[in-house]
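Chains as they are written, first to last, in this note's numbering: chain E, 328 to 425; chain B, 9 to 470. Ideal Cβ positions, reconstructed from N, Cα and C, are used throughout, including at glycine. Right, one structure below, let's go through it.
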């Protein structure tokens, strides 16, 4: 077992707990934006994709990395964009039309 | 600057990004702070991407820049879709996230020398989960976009077939762990896992999509976290753990709201109970009303609760519903909205649609908070919701949805249900609510019917 595994496991478990505590407090009102926001944050795999594509080791790994860059970066851009659009719509009092 | 020191700077930037990610999710605890949360997340993500581009391991920028532009070119339109398309967009983004994680895992297998057995185990698990999430999410998106039939597609022995395919993928993974250098098995394993994702989601019906989307969200997070293990990247471990726990929490909430066990969901057996449910249909009488009558009853009420469901989303009636809300509020009627956790096609779907129509969010009330108020409610107006209002879930032990928490609309003084016809939905479960003496059926398209009511109300005002 590589030594990094244990430290990664620590991080995973602690982050999981933090996630549970923070997300438990998210209002059900915002569950759709929550999903699109976590999607955008999850798109951070783009950093790994950039390394794989940028190392340029073999043609295969570069192509795989390039697909991964495009797929995850579209999630990052699109996820933040739609989350912000949705949250902008939530208003405590609608503009009065009378 | 030596390379080692640079690496430490990069790691430090990732830690900052991770802290911003957690603050970002924390922002969502209230609508007021939520937009700041998104900004924190954006800064964190931008920081992580920029420092990664500075990583000396990146030797060639051409393809990175081209694919970043392609990614943005795909992402921007997907971020600008209409609010009614948000469920399928979300499913598609789960697919993209999983595709990305799976591709990197595959690349990692082919990079350098053959992995050790332990690394092979990590890679295999990561690639299997990523692949099945990719195809599963594509199927879910296809169903939500109605490219694929929303009905559950079931056949005899389905679970045995699906689980055998999964066992096949896991078996190949074990074989690879035994001999990581066996490069012919690896692509076979990926294909089998991709196939399993299709089998996993195909049998699931549209009404179960909130659970499925949450579960796929969780899987996408887990695959990213596992990728973090493979690459020894803590920022991926944290982001994946946050996404995974978020999806898991939502899945549990959705399961509870449908009274389904978690095992039931894990084995993809949804929809099957319902398929056998088209039971005896007695010829019972229903009372129906015209828009004119409905408007009269609503105008005379003090307290009205509107119960929206997927039918409202399909008819795109949310803006008309907002006009109805305005017209009634102007007359001094107290109008609130009762939101069932699984109303619509994804968690929080109704809230987003109603917020889009400019209905203030403090008028959107969760099931547990509003159920006690139905006995004091003059009119419960159900728009395009069915199973979540079915009193059989409380009383009929033989009903397939028995035990599912519902909105107690039948306790309101008058119930009005806007529905196209008396045909039960594809779930095929009869709703005794429609036959109550206090229930008025308003037959028609949700959008045009609400429009007619609004017309009547404004006509009376002049």
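Residues of chain B with a CB under 8 Å from the CB of residue 409/E: which are they?
Taking the first residue of the first chain as 1, we reach residue 409/E at position 82. Chain B residues near residue 409/E: 86, 87, 88, 89, 94, 97.
Based on Cα-Cα distance, which residue from 239/B, 356/B, 298/B lies nearest to residue 127/B?
Taking the first residue of the second chain as 1, we reach residue 127/B at position 119. Comparing Cα-Cα distances from residue 127/B to each of 239/B, 356/B, 298/B, the minimum goes to 239/B.
Whole angstroms is fine: what's the gap from residue 131/B's alpha carbon to residue 241/B's?
Translated into the one-based positions of the second chain, residue 131/B becomes position 123. Translated into the one-based positions of the second chain, residue 241/B becomes position 233. Computed Cα separation, rounded: 14 Å.
Please tell me whether residue 333/E has its Cβ less than 8 Å away from any Cβ of chain B.
Along the first chain, read from residue 1 onward, the residue named residue 333/E stands at position 6. It does not: the Cβ of residue 333/E has no partner Cβ on chain B nearer than 8 Å.
Neighbouring residues, chain B, relative to residue 386/E (Cβ below 7 Å)
Sequence index remark: in the first chain, residue 386/E carries index 59 (1-based). Within chain B, no residue comes near residue 386/E; the closest Cβ sits about 10 Å away, beyond 7 Å.
Contact between the region 243-262 of chain B and the region 402-413 of chain B: three or more CB pairs below 8 Å?
Under the 8 Å Cβ criterion, the region 243-262 of chain B does not count as touching the region 402-413 of chain B, having fewer than three qualifying pairs.
Specify the secondary structure class of residue 425/B as computed by DSSP and reduced to three states.
For the purposes of this step, residue 425/B is taken as the residue at position 417 of the second chain. Three-state DSSP puts residue 425/B in a strand.
Closest by C-alpha distance to residue 320/B, when choosing among 338/B, 365/B, 98/B, 297/B:
Residue numbering aside, residue 320/B sits at position 312 when the second chain is read from its first letter. When each option's Cα is compared against that of residue 320/B, the closest is 365/B.
Give me the residue from 175/B, 210/B, 25/B with the minimum Cα distance to residue 197/B.
Taking the second chain and counting its residues from 1, the one referred to as residue 197/B is at position 189. When only C-alpha atoms are compared, the closest one is 175/B.
From the DSSP output, in three-state form, read off residue 281/B for me.
Numbered from its first residue, the second chain carries residue 281/B at position 273. Because the pLDDT of residue 281/B is 47, which lies under 50, any placement of that residue in the model is unreliable, and the number read from its coordinates should be weighed accordingly. Residue state, collapsed to three classes: helix.
Got a sec? Which residues, its chain only, sit under 7 Å from residue 180/B by beta carbon, not counting five neighbours each side?
Walking along the second chain from the start, residue 180/B turns up at place 172. The residues are 193, 196, 197, 200.
Interface residues of chain E around residue 38/B at Cβ under 8 Å?
Position 30 of the second chain, counted from the start, is the residue given in the question as residue 38/B. Neighbours of residue 38/B on chain E, chain order: 354.
Smallest Cα separation from residue 292/B: which of 149/B, 209/B, 444/B?
Here residue 292/B refers to the residue found at position 284 when the second chain is read from its first residue. Looking at the Cα atoms, 444/B is the closest of the given residues.
Return the first residue and the last residue of the alpha helix (DSSP H) that residue 151/B is part of.
Indexing the second chain from 1 puts residue 151/B at position 143. Unbroken alpha helix (DSSP H) run through residue 151/B: 125-152.
Which of the three DSSP states is assigned to residue 347/E in this structure?
Here residue 347/E corresponds to residue number 20 of the first chain, with the count starting at 1. For residue 347/E, the secondary structure class from DSSP, reduced to helix, strand or coil, is helix.
Between residue 385/B and chain E, is the shortest Cβ-Cβ distance under 8 Å, so that the two count as touching?
One-based indexing of the second chain puts residue 385/B at position 377. Chain E contact via Cβ: absent.
Counterpart residues of residue 344/B in DSSP-defined beta bridges:
By one-based count along the second chain, residue 344/B stands at place 336. Among the bridge pairs identified by DSSP, residue 344/B is matched with 313/B.
I want to know whether the region 143-156 of chain B touches the region 79-99 of chain B - three or more CB-CB distances under 8 Å.
Yes, they touch.
Please state the DSSP three-state secondary structure of residue 191/B.
To locate residue 191/B, count along the second chain from 1; it is residue 183. Coil, per DSSP.
Using DSSP with H/G/I as helix, E/B as strand and the rest coil, what is residue 449/B?
By one-based count along the second chain, residue 449/B stands at place 441. The answer is strand: DSSP assigns residue 449/B an E or B state.
Residue from 303/B, 272/B, 426/B whose Cα sits closest to the Cα of residue 317/B
Numbered from 1 along the second chain, position 309 holds the residue referred to as residue 317/B. The residue from 303/B, 272/B, 426/B with its alpha-carbon nearest to that of residue 317/B is 426/B.
Contact under 8 Å by Cβ, residue 417/E with residue 237/B
By one-based count along the first chain, residue 417/E stands at place 90. By one-based count along the second chain, residue 237/B stands at place 229. Contact flag unset, no.
Span of the beta strand (DSSP E), counted from its first residue to its last, around residue 389/B
Stepping through the second chain from its first residue, residue 389/B is reached at position 381. Unbroken beta strand (DSSP E) run through residue 389/B: 387-391.
Would you call the region 247-254 of chain B and the region 363-383 of chain E touching, i.e. three or more CB-CB distances under 8 Å?
The region 247-254 of chain B is in contact with the region 363-383 of chain E.
Rounded separation between residue 338/B and residue 392/B - CA only
Here residue 338/B refers to the residue found at position 330 of the second chain. Here residue 392/B refers to the residue found at position 384 of the second chain. So the alpha carbons of these two residues sit roughly 24 Å apart.
Kindly indicate if chain E contains any beta-carbon less than 8 Å away from that of residue 72/B.
By 1-based counting over the second chain, the position of residue 72/B is 64. At least one C-beta of chain E is nearer than 8 Å to the C-beta of residue 72/B.
For residue 222/B, the three-state DSSP class (helix, strand or coil)
As a position in the second chain, residue 222/B is number 214, starting the count at 1. For residue 222/B, the secondary structure class from DSSP, reduced to helix, strand or coil, is helix.
For a contact meaning CB atoms closer than 8 Å, what does residue 369/B contact in chain C?
Absent from the structure: chain C. Protein chains present are E and B.
Minimum Cβ-Cβ distance from residue 68/B to chain E less than 8 Å:
Along the second chain, one-based indexing puts residue 68/B at 60. Yes, contact with chain E.
For residue 374/B, the three-state DSSP class (helix, strand or coil)
Position 366 of the second chain, counted from the first residue, corresponds to residue 374/B. Residue 374/B: strand per DSSP, three-state reduction.
Between the region 347-361 of chain B and chain E, which residues of the former have CB atoms less than 7 Å from a CB of the latter, in chain order?
Listed by position along the chain: 349, 354, 355, 356, 357, 359, 360.
List, in chain order, every chain E residue whose beta-carbon is nearer than 7 Å to that of residue 239/B.
Walking along the second chain from the start, residue 239/B turns up at place 231. The answer, in chain order, is 375.
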